[in-house]
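The structure under discussion appears below in the form of C-alpha cells.
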Amino acid sequence: MTITPLMPVYPRCGVRPVRGEGAYLFGEDGQQYLDFASGIAVNALGHGHPHLTKAIADQAATLMHVSNLYGSPQGEHLAQRLVDNTFADTVFFTNSGAEAVECAIKTARRYHFANGNPERHTLITFDTAFHGRTLGTISATNQAKMRDGFEPLLPGFAYAKFNDLQGALALIDDTTAGFLVEPIQGEGGIRQASPEFLQGLRKACDEHGLLLVLDEVQCGYGRTGKLFAHDLYGITPDIMSVAKGIGGGFPLGACLATEEAAKGMVAGTHGSTYGGNPLAMAAGEAVLDVILEDGFLEHVATMGDRLRQGLEQMIPNHDHLFDSVRGTGLMLGLKLKSDSRAFVAFARDHHNLLLVAAGENVIRILPPLVIDESHIAECIDKLSTAARVYVPAADD
24 MTITPLMPVY PRCGVRPVRG EGAYLFGEDG QQYLDFASGI AVNALGHGHP HLTKAIADQA
84 ATLMHVSNLY GSPQGEHLAQ RLVDNTFADT VFFTNSGAEA VECAIKTARR YHFANGNPER
144 HTLITFDTAF HGRTLGTISA TNQAKMRDGF EPLLPGFAYA KFNDLQGALA LIDDTTAGFL
204 VEPIQGEGGI RQASPEFLQG LRKACDEHGL LLVLDEVQCG YGRTGKLFAH DLYGITPDIM
264 SVAKGIGGGF PLGACLATEE AAKGMVAGTH GSTYGGNPLA MAAGEAVLDV ILEDGFLEHV
324 ATMGDRLRQG LEQMIPNHDH LFDSVRGTGL MLGLKLKSDS RAFVAFARDH HNLLLVAAGE
384 NVIRILPPLV IDESHIAECI DKLSTAARVY VPAADD
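Heads up: the sequence shown at position 145 corresponds to 168 in this note's numbering, and the numbers run straight through without jumps.
This is the structure in C-alpha cells:
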C-alpha cells in the first residue's frame, strides 16, 4: 500500500503541532512557533483561551449531542444573541463554512421559489472567490484549480470580475437570484471590495428584487475590527454565511438571514445532524462573550493599525522582495514580488513564523485577535530577519 492513512489531499509541511498557548504553537519536537496564521483565521482567541476551553469542557461533561429532533435551548440562546447583534432575524447553525455557504445558496434559491419565481436561481459570483470545497461551493467559483476533475458541476452560477460593478450588473437577467460575494477575498489574495462596488451591489438588489448574499466566513467575526466586514461599508446583506472565528477553533458555522430572505426555509427544507449541537453552541457563546466585551473590537482595530504600520515601515528595507500591504484590521496581506508560498515556507522552516499564502503572491497575516504589541514586534522582526537572507528562486 502506497497511499497514506490520511488521504493525501493536503501537501502538509513539517510542522507538527501538539500544543498551543496564546499566539504560539509548539511542535512535537519542542519547537515554538509564532502563529500568525490562526488555523486560517479560525483561532480568534488564540490557543487555550481559558473562557473558551472551560465552556467546552463544562458542556462536554453535561451534554454534547442530541440531534435536531428535539428542542435546543442552547441553539435558541446563541441564535438570539446573533440576531440581537446583527442584521439577521434568523440563524441556521452548521459545522463548517462550506455548509454555511451551501445553506445561503439554498436560502436564496428558495426565496424566489416561495415568491413564485423558481426560474430565478442564478447567483452572480466573482473571479478568484473561494466559497468552500463542496460541489455546490466549487461551482460558485470559476477557478480551474478547484473545479478540474469534478465536472459536471452544478448550474446556477454566473461569474463576474471582482470590483467590476458594471460587469456584474450586466449579467443580471430573468434567471438572476442575487449576488454571492466576499467583502474581502481571503484565498484570492486579501482583495478588498471597494465601497462603490459593494454599495452598488446592494442598490442593484434593492432595485431588481434580488438578494445580496455575503460570504464572511474568513473576514467576519471581528477580524476587521468590526463585528462583520460589511459594517465597514454601511450596508447590510439579506443572507450571510459565517464560520472560522465563530467557534474559536471548534467546528462551527452559521447562515444568517432576514425574515424576508428566509421566507422559503420552512420545516423539511434543510437540515444537519450535528449542526447546532450543544457543544458547538457552548463554544460559540464563549467566543461571542469575549468579542462583545467593551473595547475588544477597538483593540483589534488598534492592533491592525500597528501591524500595518510595522509592515509598511519594513517594506522599504526589503523592497526587492516586498511590494505593498493590503487588507484591514487583523486580516492583512503582504504582497511579494516573487512566489509567496516559497517565502511562507522559508519563514516557517527557518524563523518559526507561521503565515498563510494566498493568490496574487500575497502572504496572509491572520494572527489571533487577542495579540498585543509584543507579538507584532516579534512578527516584524522575524519577517525582516527572514527577508534579509531569503533568496527567491531564479524563476520567480
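Heads up, the beta-carbon is just placed ideally off N, CA and C, and yes, glycines get one too.
Along the chain, where does the alpha helix (DSSP H) that runs through residue i open and close?
i       : result
Ser-371 : Checking the displayed sequence, the identity of residue 371 turns out to be Arg instead of Ser. Run containing Arg-371: 363–374, per the alpha helix (DSSP H) assignment.
Val-405 : Inspection of the sequence shows that residue 405 is occupied by Lys rather than by Val. Lys-405 -> alpha helix (DSSP H) spans 396–412.
Tyr-319 : It should be noted that the sequence gives Phe, not Tyr, for residue 319. Phe-319 -> alpha helix (DSSP H) spans 319–337.
Ala-227 : 218–231
Ala-309 : 301–314
Using CA coordinates, which residue listed in the options is at the minimum distance from residue i?
i       : options                            : result
Pro-391 : Leu-320, Ala-370, Leu-188, Leu-234 : Leu-320
Arg-371 : Phe-49, Lys-184, Leu-29            : Phe-49
Ser-363 : Ala-200, Gly-350, Val-379          : Val-379
Arg-411 : Gly-243, Asp-342, Gly-268, Gly-327 : Asp-342
Thr-145 : Thr-296, Glu-283, Leu-194          : Leu-194
Leu-355 : Gln-241, Gln-166, Thr-281, Ala-306 : Gln-241
Leu-344 : Thr-408, Asp-312, Met-304          : Thr-408
Glu-401 : Ala-290, Asp-52, Arg-170, Leu-57   : Leu-57
Gly-139 : Thr-259, Tyr-413, Thr-198, Asp-171 : Thr-198
Gln-166 : Ala-152, Gly-172, Lys-286          : Ala-152
Ala-64  : Phe-366, Leu-353, His-373, His-293 : Leu-353
Pro-178 : Ile-79, Thr-25, Ala-163            : Ala-163
Ala-227 : Gly-243, Asp-196, Arg-246, Val-41  : Asp-196
Arg-225 : Leu-235, Ala-216, Gln-55           : Leu-235
Leu-149 : Asn-375, Gly-94, Val-38, Ile-207   : Residue 149 is actually Phe in this sequence, not Leu. The candidate whose alpha carbon is nearest that of Phe-149 is Ile-207.
Ala-416 : Leu-359, Ile-388, Ala-381          : Leu-359
Cys-36  : Met-337, Asn-375, Arg-387          : Asn-375
Tyr-7   : Thr-292, Leu-389, Arg-331          : Residue numbering for the chain in the displayed model covers 24 to 419; residue 7 lies beyond these limits and cannot be assessed.
Phe-59  : Asp-187, Asn-186, Arg-246, Asp-112 : Arg-246
What are the boundary residues of the beta strand (DSSP E) that residue i is part of?
i       : result
Asp-346 : 345–351
Val-124 : No beta strand (DSSP E) contains Val-124, which is instead part of the alpha helix (DSSP H) from 120–137.
Phe-149 : 145–149
Leu-424 : Shown here, the chain extends from 24 to 419; a query on residue 424 therefore has no answer.
Met-354 : 354–359
Val-114 : 113–117
Arg-387 : 385–388
Ala-380 : 379–381
Give me the Cβ distance between residue i and residue j, rounded to the nearest whole Å; I'm assuming they're in contact under 8 Å.
i       : j       : result
Asp-238 : His-154 : 6 Å
Ala-4   : Ser-264 : Nothing in the structure corresponds to residue 4, since the chain is present only between 24 and 419.
Thr-160 : Glu-125 : 7 Å
Ile-213 : Gly-350 : 4 Å
Leu-233 : Gly-201 : 4 Å
Gln-222 : Tyr-256 : 6 Å
Arg-156 : Ala-131 : 20 Å between Cβ atoms; not a contact.
Ala-123 : Ala-277 : 6 Å
Which runs of the alpha helix (DSSP H) fall wholly inside the region 37–101 and span at least 4 residues, in chain order?
Annotation: the region 37–101 contains the following complete segments of the alpha helix (DSSP H) (minimum length 4 residues), in chain order: 61–64, 73–83.
Which runs of the beta strand (DSSP E) fall wholly inside the region 158–206 and span at least 3 residues, in chain order?
Whole beta strand (DSSP E) segments, 3+ residues: 180–183, 199–204.
Below 8 Å, how does it come out for the region 265–283 and the region 60–76: are there three or more Cβ pairs, yes or no?
Judged by Cβ distances under 8 Å, the region 265–283 makes contact with the region 60–76, as three or more pairs qualify.
Just list the beta strand (DSSP E) runs in the region 261–291, keeping only unbroken ones of 3 residues or longer that don't cross its boundaries, in chain order.
Runs found: 262–265, 276–280.
Does the contact criterion of 3 or more C-beta pairs under 8 Å hold for the region 105–120 versus the region 285–302?
Remark: three or more beta-carbon pairs, one from each stretch, lie closer than 8 Å, so the region 105–120 and the region 285–302 are flagged as touching.
Determine, using beta-carbon pairs with one atom in the region 315–335 and one in the region 242–252, whether at least three such pairs fall under 8 Å.
The region 315–335 is in contact with the region 242–252.
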